[in-house]
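Let me begin by presenting the structure, written as structure tokens, before commenting on it.
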Amino acid sequence: MVKPAIDYDVKDLALANDGNNRIEWAAREMPVIRLIRERFAKERPLEGLRLSACLHVTTETANLMLALRDGGAEVALCASNPLSTQDDATYYKHIHAALEHKPQITMDDGADLVATLHKARRELLEHVVAGTEETTTGVIRLRAMAKDGALTYPIIAINEADTKHFFDNRYGTGQSTIDGITRATNILWAGKNVVIAGYGWCGKGVAMRARGLGAKTIVTEVQPVRALEAAMDGHQVMHMDEAARIGDIFITLTGDVNVLDRRHFDVMKDGAIIANSGHFNVEINIKALEAMSESKRNVRRNVDEHGLMDGRKLFLLGEGRLINLAAAEGHPASVMDMSFANQALAVHYIATRDERLPVDVYDVPREIDSEVARLKLASMGITIDELTEEQEKYLTSWEEGT
Ligand code: ADE
206 MVKPAIDYDV
216 KDLALANDGN
226 NRIEWAAREM
236 PVIRLIRERF
246 AKERPLEGLR
256 LSACLHVTTE
266 TANLMLALRD
276 GGAEVALCAS
286 NPLSTQDDAT
296 YYKHIHAALE
306 HKPQITMDDG
316 ADLVATLHKA
326 RRELLEHVVA
336 GTEETTTGVI
346 RLRAMAKDGA
356 LTYPIIAINE
366 ADTKHFFDNR
376 YGTGQSTIDG
386 ITRATNILWA
396 GKNVVIAGYG
406 WCGKGVAMRA
416 RGLGAKTIVT
426 EVQPVRALEA
436 AMDGHQVMHM
446 DEAARIGDIF
456 ITLTGDVNVL
466 DRRHFDVMKD
476 GAIIANSGHF
486 NVEINIKALE
496 AMSESKRNVR
506 RNVDEHGLMD
516 GRKLFLLGEG
526 RLINLAAAEG
536 HPASVMDMSF
546 ANQALAVHYI
556 ATRDERLPVD
566 VYDVPREIDS
576 EVARLKLASM
586 GITIDELTEE
596 QEKYLTSWEE
606 GT
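Residue numbers in the sequence shown follow the working numbering, run continuously in steps of one, and reach 607 at the last position.
If you want it as structure tokens, here you go:
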């Protein structure tokens, strides 16, 4: 095994016992990962494979790492977002340490590991066979790399699996974002004007849950089809310039920069709450907010009060970092079960192929997606109908009409 530059860098090892209890607690809600782990332990399909993962370091991630380890992989893990370390320098130190492992497979969440490998550690690229990417933001970055001809190895986009984004992004981000904002502020959602920027799967989930709590939901979008969907789902749709004047709570989930900017802060109501649940802390122009602020003080855990020159106060949550992980515990284990089952099975797919995949960004193979859904349904005690022979034939023929 390659000796990494640092074996581990954990603030307080005395917490290991509590950590183990929490990992076991998450495992109760991860039956698909449990099955895969048992299968991996018997078959050892990843024997000796070096894998470097850059994921949010949570109890759910721990269960994925244990499954990969039991499959025979030698795993190095680092945190996939500076929020997990609260310190950018440590963040990159850990990415470099994970790369020292000389991975044959990379597993990324946001594409910083892949970007660092391609920008700063090119000598290690020769070892890499393939990788996986967890999230929307990472997939967008990797597609841009592939388009520029900069990507040097194939990557499977876990986010594109139906059993990932329909559940993790919608129900996971939906619930945990509301959870994070509630834990940070203890606000009552009922009757509030909640502005959701971005109506992708994450935005849809947050809007649905906010409305479920009695909020009046406003969606802002740039894509016409998504905006139309939001309108027909019953949300108000308008420009952010307009929404900025009426929102009580703002939540960004677009994957893009400066979605909330100076001109929006200029017109926000006194007491407006601002949070981000997109992958990186770039969606809120915090520099502009700070430049406009006469005072800044931390008034509660994860709540910074910005006192503006005209006397209004705006409250920024979790320093603009992913609020569901900054102020709550991220997506619940039951949805990470499916996302991480896709991860584990995608690694198995890469490791057991005879030939290398050509360089590109790939969807998760359909069979893996269906297998994850089948296993999850089985764990929920749900069985479903099967096509009869007649129905199967009907669907595969074109001659029969009315
Ligand atoms: N991303 C969002 N929630 C997560 C969780 N609980 N574990 C790992 N990655 C996550």
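Every residue, glycine too, gets a C-beta built ideally from N, C-alpha and C.
Cβ-Cβ separation between residue 552 and residue 273: approximately 7 Å, consistent with a contact (criterion under 8 Å).
Here the alpha carbons of residue 275 and residue 249 stand approximately 7 Å from one another.
Distance from the Cα of residue 261 is smallest, within the candidate group 577, 572, 533 and 565, for 533. Secondary structure note for residue 445: it is in no beta strand (DSSP E), and the uninterrupted alpha helix (DSSP H) holding it is 445-451. For residue 311, the pairing in a beta bridge is given by DSSP as 257 and 336. A distance below 7 Å between beta-carbons, with the five flanking residues on each side excluded, links residue 439 to no residue of its chain. Cβ neighbours of residue 402 within its own chain (closer than 6 Å, five residues either side excluded): 425, 457, 459 and 464. Look at residue 214: its beta carbon is at least 8 Å from all of the heavy atoms in ligand 1. For residue 373, the CB falls within less than 8 Å of some heavy atom of ligand 1.
According to the DSSP assignment, residue 509 belongs to the beta strand (DSSP E) that extends over 508-513.
In this structure, residue 336 has its CB at a distance of at least 8 Å from all heavy atoms of ligand 1.
DSSP places residue 356 outside any alpha helix (DSSP H), giving it a letter other than H or E.
Looking from the CA of residue 570, the closest CA among 519, 393, 368 and 446 belongs to 368.
The beta carbon of residue 428 sits closer than 7 Å to no other beta carbon from its chain once the five residues preceding and following it are set aside. Residue 444 counts as exposed, since fewer than 16 other beta carbons sit within 10 angstroms of its beta carbon. In the three-state reduction of the DSSP assignment, residue 499 falls in the strand class. Rounded to whole angstroms, the separation of the alpha carbons of residue 536 and residue 521 is 21 Å. The straight-line gap separating the alpha-carbon atoms of residue 229 and residue 263 is approximately 12 Å. Residues 532 and 533 of the same chain have their beta carbon placed closer than 7 Å to that of residue 388, with the five preceding and five following residues left out of the count. Judged by their CB atoms, residue 308 and residue 562 are not nearer to each other than the 9 Å cut-off.
In the structure shown, the three-state DSSP call for residue 530 is helix. The region 542-551 makes contact with the region 240-258, as at least three CB pairs between them are under 8 Å. Bounds of the alpha helix (DSSP H) holding residue 436 are 429-437. DSSP places residue 321 inside the alpha helix (DSSP H), whose first and last residues are 317-325. Distance from residue 529 to residue 382 at the Cβ level is roughly 5 Å; contact confirmed, criterion being Cβ atoms closer than 8 Å. Residue 398: member of the beta strand (DSSP E) spanning 398-402, first to last residue. In the DSSP annotation of this structure, the continuous segment of the beta strand (DSSP E) that includes residue 421 starts and ends at 421-425. In this structure, residue 537 has its CB closer than 8 Å to one or more heavy atoms of ligand 1.
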